[in-house]
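Protein chains in written order, with our numbering: chain U, 22 to 190; chain R, 22 to 190. Glycine residues also receive a C-beta, built at the ideal position from the N, C-alpha and C atoms. In what follows, a single structure is set out as structure tokens and then discussed.
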DNA sequence: CCCATATTGTCAGTATACTGTCAATCTAGA
DNA sequence: TCTAGATTGACAGTATACTGACAATATGGG
């Protein structure tokens with residue numbers, strides 16, 4: 022017996038995990054931008070600042086691995102952060118291809134000052150859920166992202182992507 | 022006593038719901054495109070096709086409410102679907118501003134044929150979790166998206182957005 | 001009927017994201 | 001050492017997403 026194809030309704034969209042992830046991403050960005058409007062920083066730019074703060078002198082390729090962005094995308098992000106004078110780019114002496122990234126004074130200040138707003142945004146995203154459910158969702162999401170890591174073009178290569186920093190570079 | 026600001030580490034990024042949602046969205050799109058590569062349809066284009074299939078003669082503004090996209094974004098999506106001859110746009114007789122959207126024969130065929138691939142993609146996204154956890158995650162996500170509906174620029178206005186279709190138009 | 005207001009599709013501008021390509025450069029193996 | 005292959009940053013092209021603006025059109029109150 023063949024199973025008949027079910028009729029196509031909007032439920033096919035509304036209940037699909039892919040749709041829910043897209044929708045939640047939209048909402049999350051919206052909340053972030055609203056809470057952080059005073060700083061004129063997008064979520065991506067914020068993540069890049071944190072990574073450069075944590076790993077001063079990182080290069081663009083390694084940065085892309087550490088925050089799981091495409092190298093192409095990251096190029097533009099870096100450009101914008103540089104034009105806002107939040108970061109500095111210095112050519113590496115050991116490898117003429119590489120440009121090393123550093124937080125500027127202004128960048129460090131912005132990063133320090135934006136943290137409470139970021140924190141508020143993150144809380145707001147999960148606020149509508151009961152506390153226990155927030156924990157559950159976060160745990161499952163963390164698990165799922167980790168287990169699906171290889172499915173995206175730029176898998177996350179957290180800290181260990183930097184193990185050979187200064188050795189190869 | 023003031024609480025000291027915690028040191029800024031990558032954990033501030035990795036454990037933030039906003040980061041996890043962005044990451045999961047990347048992964049979801051990646052899986053969708055891979056499974057549906059034979060059809061050259063993006064997730065957004067697929068959602069638009071389903072909505073137009075379900076509501077033939079819908080206009081762009083109402084379509085945007087039904088799938089929760091920006092009207093601006095949707096304009097380009099519609100253009101692409103039209104240039105692929107998957108949909109048709111006909112001017113409304115009652116309202117000269119409005120262009121009504123219909124699935125073409127080709128559009129209906131593509132939509133019918135792509136469904137199994139879409140289904141596979143949706144399954145794959147949650148595959149790494151235990152079955153019970155998939156259910157839990159999906160339920161919490163559905164809840165959260167619903168409760169946060171108003172937080173995004175274009176809140177979802179599902180079917181009831183169409184209640185007055187043909188009355189006002 | 002007229003006009004203030006709202007709606008519709010469109011456009012310009014910005015910012016992710018991805019694919020694919022390229023020249024410059026580096027590295028490792030023969 | 002010389003060179004095949006890899007890496008790096010950059011670029012072009014496509015596709016979401018959003019903000020804000022606009023002309024054309026529609027609607028409702030006076």
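At a cut-off of 7 angstroms between beta-carbon atoms, residue 61 of chain U makes no contact with chain R. Per DSSP, the unbroken alpha helix (DSSP H) holding residue 145 of chain R starts and ends at 126-147. Contact of residue 123 of chain R with chain U by beta-carbon distance below 9 angstroms is absent, the smallest such distance being about 15 angstroms. In this structure, the straight-line span from the alpha carbon of residue 165 of chain U to that of residue 46 of chain R is close to 12 angstroms. Not a single CB atom of chain U sits nearer than 7 angstroms to the CB of residue 78 of chain R. DSSP, reduced to helix, strand and coil, places residue 29 of chain U outside both helices and strands of the structure shown, so it counts as coil. Boundaries of the beta strand (DSSP E) around residue 111 of chain R: 108-112.
Looking at the backbone, the Cα of residue 118 of chain R and that of residue 125 of chain R are separated by about 22 angstroms. Taking C-beta atoms under 8 angstroms as the contact rule, residue 52 of chain R and residue 172 of chain U qualify, at a distance of about 6 angstroms. Residue ranges of uninterrupted alpha helix (DSSP H) with 4 or more members, entirely inside the segment 46-127 of chain R and ordered along the chain, are 64-75, 81-88, 92-104.
In this model, residue 73 of chain U and residue 121 of chain U are separated by some 10 angstroms (Cα to Cα).
When 8 angstroms is used as the limit between beta carbons, residue 154 of chain U is near these residues of chain R: 161, 164, in chain order. What residue 46 of chain R touches in chain U, judged by beta-carbon distance under 7 angstroms, is 42, 43, 46, going in chain order. For residue 158 of chain U, the nearest beta carbon of chain R is closer than 7 angstroms to its own beta carbon.
Here residue 69 of chain U is near residue 98 of chain U, since their CB atoms are less than 7 angstroms apart. Straight through space, the alpha carbons of residue 110 of chain R and residue 157 of chain R are spaced by roughly 41 angstroms.
A distance below 7 angstroms separates the beta carbons of residue 71 of chain U and residue 33 of chain R. Closest option to residue 39 of chain R, judged by alpha-carbon separation, among U:112, U:36, U:54, U:178: U:54.
Along the segment 80-110 of chain R, going in chain order, the ones with a CB nearer than 8 angstroms to a CB of chain U are 87, 88, 89.
For residue 56 of chain U, the CB contacts under 8 angstroms within the same chain, skipping 5 residues up- and downstream, are 138, 139, 141, 142, 145 in chain order. When 8 angstroms is used as the limit between beta carbons, residue 37 of chain R is near these residues of chain U: 139, 143, in chain order. Within 9 angstroms of the CB of residue 73 of chain U, no CB atom of chain R is found; the nearest one sits about 11 angstroms away. The straight-line gap separating the alpha-carbon atoms of residue 114 of chain U and residue 76 of chain U is approximately 18 angstroms.
Counting only Cβ-Cβ distances below 7 angstroms, residue 130 of chain R has no contacts in chain U at all, with the closest Cβ about 12 angstroms away.
Secondary structure at residue 179 of chain U: coil, using DSSP grouped into helix, strand and coil. At least one CB of chain R lies nearer than 7 angstroms to the CB of residue 168 of chain U. With a threshold of 7 angstroms between beta carbons, residue 112 of chain U makes no contact with chain R. Rounded to the nearest angstrom, the gap between the Cα atoms of residue 155 of chain R and residue 84 of chain U is 32 angstroms. The straight-line gap separating the alpha-carbon atoms of residue 63 of chain R and residue 159 of chain U is approximately 27 angstroms.
Inter-residue distance for residue 41 of chain R and residue 116 of chain R is about 44 angstroms (C-alpha atoms, whole angstroms). Not one beta carbon of chain R lies nearer than 7 angstroms to the beta carbon of residue 135 of chain U. For residue 160 of chain U, the enclosing alpha helix (DSSP H) has its first and last residue at 152-168. Residue-level contact check: residue 69 of chain U does not touch chain R, since none of the beta carbons of chain R fall below 7 angstroms from its beta carbon. Interface residue (Cβ-Cβ distance to chain U less than 7 angstroms): residue 127 of chain R is not classified as such. The straight-line gap separating the alpha-carbon atoms of residue 170 of chain U and residue 161 of chain U is approximately 14 angstroms. In the structure shown, the three-state DSSP call for residue 172 of chain U is helix.
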